[in-house]
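Notes to accompany the following structure.
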Amino acid sequence: MAAAEGVGSVFIWVNVRLCNKRSAYLQLSAKVDTDADALVISNKQCADLKLMCVGEGVYRDIGLTYKVYEGAEIEYMGRSAEIVVHSVVDLEKPLLGMSAIRAS
1 MAAAEGVGSV FIWVNVRLCN KRSAYLQLSA KVDTDADALV ISNKQCADLK LMCVGEGVYR
61 DIGLTYKVYE GAEIEYMGRS AEIVVHSVVD LEKPLLGMSA IRAS
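Oh and the sequence shown: position 22 is 22 in full-length UniProt numbering, straight run, nothing missing.
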């Protein structure tokens, strides 16, 4: 599922399972951006998973601050891969970079 050359991001919805390496997990429906490489979820979901914060950043194009977490795995269609997680305060719907799924 790669974006056509020159087209940019393509968005689809998928059901995924996100877990930390200590067995806590979340089942969620995520909007997939085929051009992104991180999962974006709410700060509450990161707290529920007990993920380790390793930094902060800003999405420059929209001026939104996020925190960066490590220690998460994503499961989708029988495949799993480690994934970098960004958390945003009060995010309504999770967003997932498809390249994380292809990396497994």
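Where is the CB? At the ideal position from N, CA and C, for every residue including glycine.
None of these values were measured; they are calculated from a predicted model.
- With a contact defined as Cβ atoms closer than 8 Å, residue 39 and residue 74 qualify at about 7 Å.
- For residue 64, the closest of 70, 87, 51 and 53 by C-alpha to C-alpha distance is 87.
- In the three-state DSSP reduction, residue 72 falls in the strand class (E or B).
- Using a 10 angstroms sphere on the CB of residue 72, the tally of other CB atoms reaches 16 or more, which defines it as buried.
- Residue pairing by DSSP puts residue 85 in a beta bridge opposite 39 and 69.
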